[in-house]
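Q: Numbering (full-length UniProt numbering), first residue to last: 1 to 270.
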Amino acid sequence: MPLKLVTVAHHRNFYVRGTVGGRRIYESTRTGNRKEAEQYLAKRHAELWTEHIYGRRGVVTFRQAVTAYLEAEQRSPATQRYLERLLAYFGDAQLSKITQASVDKACQSILTDAASARATTKIRSVITPLRSVLEFAAIRGWCDCPAFKGPKAHKARTAFLRPEEATRLVQAAAPHLQPLLIFLIGTGCRMSEAIELDWHSVDLKGARCVVWQKQGNERHVDLPPTVIRTLTSLPWREGRVFRPGGQKTASNEAYHDIWWPDQIRLVLRL
């Protein structure tokens with residue numbers, strides 16, 4: 001029986017009922033408007049017939065893949081923002097239609113000033129989240145594994161502090177920031193790892209602490225003598241290790257005056 005629109009008692013919306021390629025279909029159009037329901041019917045018939053001929057791989061859309069990707073596990077706020085912009089561009093495009101050319105066009109459309117955007121910006125904002133979704137879909141047999149060529153990112157020269165520069169930086173910082181800076185310089189931890197560090201993860205006698213990486217993995221860090229002395233001098237032993245004024249609790253917002261690179265360079269000129 002071919003697909004057709006039907007009504008159900010006590011329901012406002014139209015329903016689609018019938019068979020396509022031996023598969024029985026009964027689903028709501030989510031609208032009570034006949035014209036809109038007929039458009040839905042035509043679209044679903046085309047999708048179901050294509051799926052019957054070419055398999056699931058030929059009909060999964062980018063929107064469906066993104067929805068499944070977000071439902072599979074918790075994604076970071078930044079990833080969600082990047083995917084919202086990609087979804088606004090690709091929408092219901094079939095995964096099989098996303099090619100290198102369409103990726104290049106996406107960069108031009110999504111980025112505010114694509115012509116002057118750095119390669120790292122294109123990779124972070126477009127290429128990486130798009131590739132993550134398509135790899136997720138490829139594992140499930142919805143498309144081929146993505147093989148996009150991203151822009152070449154030039155490696156920046158790594159900036160470092162000499163001992164005397166590190167000392168001047170700490171001395172020039174606000175008092176509540178000095179322990180944090182000593183910890184960062186002495187351990188090489190990321191800012192997020194340091195700010196999230198809790199006292200229950202610190203072993204002063206063993207000269208070690210445990211920090212958590214953004215992937216959810218724990219990392220053991222050795223604490224040099226200078227860092228041990230600094231942590232020992234802190235007057236609290238519960239909650240967050242680094243916080244101004246000794247509050248019982250402290251969040252990332254407590255460090256609104258964290259020094260940015262330009263300010264650090266200014267300090268080093270003193």
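Positions of the beta carbon are idealized from the N, C-alpha and C atoms, including for glycine.
Within this structure, are the beta carbons of Ile182 and Thr226 separated by less than 8 Å?
A: Contact flag set, yes.
Q: Closest to Val202 by C-alpha separation, out of Arg240, Thr31, Ala172, would be which residue?
A: Selected option, being the one with the closest Cα: Arg240.
Q: Going along the chain, which residues of its own chain have a beta-carbon closer than 6 Å to the beta-carbon of His10, five neighbours each way excluded?
A: Correct list: empty, nothing qualifies.
Q: According to DSSP, which residues form a beta bridge with Phe14?
A: Answer is Thr7, bridged to Phe14.
Q: What residues in its chain sit with their C-beta under 8 Å from that of residue 273, if we drop five residues either side in the sequence?
A: Given that the chain is displayed from residue 1 to residue 270, the structure contains no residue 273 and the question cannot be resolved.
Q: Along the alpha helix (DSSP H) that carries Cys107, what are the first and last residues, could you check?
A: Start and end: 100-110.
Q: In three-state DSSP terms, what is Glu27?
A: Strand.
Q: Is the Cβ-Cβ distance between Leu87 and Arg63 less than 8 Å?
A: It is a contact, given that the beta carbons lie within the stated cut-off.
Q: Determine, using beta carbons only, whether Glu47 and Val59 come nearer to each other than 8 Å.
A: Cβ atoms of Glu47 and Val59: closer than 8 Å.
Q: What does DSSP give as the partner residue(s) for Trp49 in the beta ladder?
A: Paired residue(s): none; Trp49 is not in a bridge.
Q: Which residues does DSSP pair with Gln94 in a beta bridge?
A: Answer is Thr61.
Q: Could you check what DSSP says for His220 in three-state terms: helix, strand or coil?
A: Strand at His220.
Q: Using 8 Å as the threshold, is the region 210-219 in touch with the region 186-195, meaning 3 or more CB pairs across them?
A: Touching, yes.
Q: Mark Leu184 as exposed unless 16 or more other C-beta atoms lie within 10 angstroms of its C-beta, in which case mark it buried.
A: The residue is buried, with at least 16 neighbouring Cβ atoms inside 10 Å.
Q: Start and end of the beta strand (DSSP E) containing Val170?
A: Taken as a continuous stretch (DSSP letters only), Val170 belongs to no beta strand (DSSP E), being part of the alpha helix (DSSP H) at 163-172.
Q: Which class does Thr232 belong to by DSSP, given the choice of helix, strand or coil?
A: Reduced to three states, the DSSP call for Thr232 is helix.
Q: Taking just the CA atoms, how far does Ala101 sit from Arg140?
A: One C-alpha to the other measures close to 24 Å.
Q: Select from Leu197, Gly188, Val8 the residue whose C-alpha is nearest the C-alpha of Pro224.
A: Ranking the options by Cα distance to Pro224, first place goes to Gly188.
Q: Between Asp113, Gly32, Ser28, which lies nearest to Arg44 when the distance is taken from Cα to Cα?
A: The shortest Cα separation from Arg44 among Asp113, Gly32, Ser28 belongs to Ser28.
Q: Could you compute how far the alpha carbon of Val126 sits from the alpha carbon of Cys107?
A: Cα-Cα distance, rounded: 6 Å.
Q: Can you tell me whether Arg34 is helix, strand or coil according to DSSP?
A: Three-state DSSP puts Arg34 in a helix.
Q: According to DSSP, simplified to helix, strand and coil, what is residue 271?
A: Summary: the structure shown does not reach residue 271, with the chain confined to residues 1 through 270, and so no result is reported for it.
Q: Helix, strand or coil: how does DSSP classify Arg81 here?
A: If DSSP states are grouped into helix, strand and coil, Arg81 belongs with the helices.
Q: List the endpoints of the continuous beta strand (DSSP E) containing Val210.
A: Note, Val210: beta strand (DSSP E), 208-212.
Q: Alpha carbon to alpha carbon, what distance is there between Val103 and Arg12?
A: Straight-line Cα distance between these residues: approximately 41 Å.
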